[in-house]
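*Asks:* Sending over a structure as structure tokens; questions will come in a sec.
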Amino acid sequence: MAKAGTFINYGEIATTFDCRPVQNRVVFGPPLPDTQNSSFFGTNFSNKVPPWNESVDCCSWEGVTCSEGRVVGLYLDNKIIYGKLDSSSSLFRLHHLQHLSLAGNFFLDSRIPPEFGNLTNLIYLNLSRISFNGLVTQLEIPIEISRLTRLVTLDLSYNSNDELGQYLECPNLVTLVQNLTRLTELYLDFVKISSQGNDWCQALSSSLPNLRVLSMSHCDLRGPLDSSLQKLQSLSIVDLSGNNFSAPILEFFADFRNLTFFDLSDCGLNGQFPKKIFQVPKLQTVDLSGQIPPSLGKSSQLESLDLSSNKLSGEIPVQLADSLTFLAVLNLSFNQLVGPIPYIKQFATFSETSYEGNKGLYGCPLKTNCTSAEPRSPPPTFEDSNSNSRPLIDWNFLSVELGFVFGFGMVIWPIMFCKRWRIWYCKHVDDILFRMFPQLYLGGKQYRGIRAQRNAGQRH
């Protein structure tokens, strides 16, 4: 078997222009003396590299996919590849490549090469969670990425140089996305963008009309949020946590009818959250700050609710516990909540950690004032804003009771107060009973005869 290798000459990827039998050519570059060399892969790292064999068709290699004999997919994520990635890598000769993932690897003394912009057939590019440790002092997204006009998914999140404490930077978001009009998924978490709300919001809304996933947490974004975002009606996942918006949340998020995941936690938001947001029919996960409105209970399909480490105040609405029957994950920890925990239904299944860090909160499962008392039932609600000032009358029950009393009175009143009706009623009841039970008739005849004789004797 020929020597297998993933990176050649300190990081060149073993690649194939064309895996068809006539042109089955593997471009290895300068041979690596030993793929087990600890200075190249690190101790026990090489065992995760795919066992590529240059003597067989490269389309059969692990992590490689082909179409008509050409390499169109390269999936090397989390292989703990250890080496240098630069402009000379033979990776950039794979011009038919459509899917590329190098996530979760280690590229020493490297930047993201601008040559990625030459892979113009890419529709999926994942360069996330890459460690660029070494002498590189500045990590930036190359502007050449904007040439990849066929991209549908772009993931550049969580890239860093841990030795220098640096994260990837995007000097010009507008230029980066202006040509990526087919993009449906954008992940830029922990990429330093440092842009005001108007700039980045308008850049996304004007260039990415088909965006479904927007994940830009901890990007140093500044607020307030711009209303131009409401153009992105296809959004289903929104994660903008860890930024600094310092403004009220805009109500237009409630118009995203496909929204399933919504995270605006730790963003410095203030004011009341619009009730409409919690009525989005497909919403399953909410992570935000502010106060807990009772209307959140109308999101009955919620499966995960994380409101931790914010400034939530007041009591936990009982309607919330009564309505969220599908809730599997709850985190209300480290807020400013007070009052009793509504220990009913799904809320009775969560542990103490879901409520810890709220000094004014008490009741099960917390050790403070935990009793086995009957759980409280949710108070009646009325949609009218003036309902608190009027007594609440259940007209359904009242109408049934009045109907019963009226109907019963129509039967009893004539019998009680009208002699003719009473005689007529007793006669008909007597006839019916005699027809149903003949033995009563015979007994009654004998009884009437005895009674007649007794009456005659008394007259004499």
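As numbered in full-length UniProt numbering, residues 1 to 460 make up the sequence shown, in order. Where is the CB? At the ideal position from N, CA and C, for every residue including glycine.
1. With which residues is residue 415 paired in a DSSP beta bridge?
2. Taking the alpha carbon of residue 138 as the reference point, which residue from 191, 234 and 343 has its own alpha carbon closest?
3. I'd like to know if the segment 237-246 and the segment 260-269 are in contact, where contact means that at least 3 CB-CB pairs between them fall below 8 Å.
4. Report the rounded CA-to-CA distance for residue 220 versus residue 69, giving the unit in angstroms.
5. Hey, residue 356 and residue 365: beta-carbon distance below 7 Å or not?
6. For residue 128 versus residue 146, is the C-beta distance shorter than 7 Å?
7. Can you tell me whether residue 218 is buried or exposed? The criterion is at least 16 other CB atoms within 10 Å of its CB, across all chains shown.
8. Taking the alpha-carbon positions, what's the residue 64 to residue 74 distance?
9. Please return the same chain residues whose Cβ sits closer than 6 Å to the Cβ of residue 223, not counting the five positions on each side in sequence.
10. Unbroken alpha helix (DSSP H) runs of length 4 or more, entirely within the segment 116-196: which are they?
11. If you run the structure through DSSP and keep just helix, strand and coil, what is residue 93?
12. Buried or exposed: residue 170, going by 16 or more other Cβ atoms within 10 Å of its Cβ?
13. I believe residue 201 touches residue 226 by the beta-carbon criterion, under 8 Å. Please report the beta-carbon distance rounded to the nearest angstrom.
14. Which two residues bound the contiguous beta strand (DSSP E) that contains residue 322?
15. Residue 335 and residue 354 - do their beta-carbons sit closer together than 7 Å?
16. May I ask which residues mark the beginning and end of the beta strand (DSSP E) holding residue 306?
17. According to DSSP, is residue 204 part of a helix, a strand, or is it coil?
18. Quick check on this structure: which residue in 410, 361, 258 and 112 has the alpha carbon closest to the alpha carbon of residue 88?
19. With distances taken from CA atoms, which of 97, 174 and 181 is nearest residue 193?
20. Rounded to the nearest angstrom, what separates residue 94 and residue 184 at their Cα positions?
21. Closer than 6 Å to a non-hydrogen atom of the ligand PLP - does that hold for the CB of residue 88?
22. For the beta strand (DSSP E) holding residue 263, just list the boundary residues, first then last.
23. Considering only C-alpha positions, which residue in the set 133, 168 and 302 is nearest to residue 106?
24. Should residue 231 and residue 195 be called a contact, given that it needs their Cβ atoms to be closer than 7 Å?
25. For residue 218, does the three-state DSSP call read helix, strand or coil?
26. Quick one: residues in its chain with C-beta nearer than 7 Å to the C-beta of residue 97, no 5 flanking neighbours on either side, listed in chain order?
27. Have a look at residue 250 and residue 229 and give me their C-alpha separation to the nearest angstrom.
28. Using a 10 Å radius around the Cβ and a threshold of 16 neighbouring Cβ atoms, would you call residue 426 buried or exposed?
29. Strictly by DSSP, which residues pair up with residue 338?
30. Cβ atoms of residue 235 and residue 256: under 7 Å apart, would you say?
31. What does residue 101 pair with, by DSSP beta-bridge criteria?
32. What number of angstroms, rounded off, separates the C-alpha of residue 435 from the C-alpha of residue 322?
*Replies:* By the coordinates alone:
1. DSSP lists no partner for residue 415.
2. The shortest C-alpha to C-alpha distance from residue 138 to any of 191, 234 and 343 is the one to 191.
3. In short, these stretches touch, since the Cβ pair count reaches three.
4. Using only the alpha carbons, I get a separation of about 44 Å.
5. In this structure, residue 365 does not lie closer than 7 Å to residue 356 by Cβ.
6. No, the Cβ-Cβ distance between residue 128 and residue 146 is not below 7 Å.
7. Residue environment for residue 218: buried (at least 16 other C-beta atoms within 10 angstroms of its C-beta).
8. Straight-line Cα distance between these residues: approximately 5 Å.
9. The residues are 197, 245, 246 and 247.
10. DSSP runs (the alpha helix (DSSP H)) wholly in the segment 116-196: 173-177.
11. Helix at residue 93.
12. Only buried fits residue 170, as 16 or more other CB atoms lie within 10 angstroms of its CB.
13. Contact flag correct, Cβ pair sits at about 4 Å.
14. No beta strand (DSSP E) holds residue 322; the alpha helix (DSSP H) holding it covers 318-323.
15. No. Outside cutoff.
16. For residue 306, the uninterrupted beta strand (DSSP E) run begins and ends at 304-306, by DSSP.
17. Helix at residue 204.
18. Distances from the CA of residue 88 to each of 410, 361, 258 and 112 were compared; the closest alpha carbon is that of 112.
19. If you compare the alpha carbons of 97, 174 and 181 with that of residue 193, the shortest gap goes to 174.
20. If I take the Cα positions, the gap works out to 24 Å.
21. Looking at this structure, you won't find the ligand PLP or any other ligand, since it has none at all.
22. From DSSP, the beta strand (DSSP E) with residue 263 extends over 261-263.
23. The residue from 133, 168 and 302 with its alpha-carbon nearest to that of residue 106 is 133.
24. Going by C-beta atoms, residue 231 is not nearer than 7 Å to residue 195.
25. In the structure shown, residue 218 adopts coil according to DSSP, grouped into three states.
26. Closer than 7 Å at Cβ, skipping near neighbours: 71, 72, 74, 119, 121 and 122.
27. Cα to Cα, residue 250 sits roughly 10 Å from residue 229.
28. Around the CB of residue 426, fewer than 16 other CB atoms lie within 10 Å, so the residue is classed as exposed.
29. Residue 338 pairs with 360.
30. The answer is yes: Cβ separation under 7 Å.
31. 75 and 126.
32. Their backbone Cα atoms lie some 57 Å apart in a straight line.
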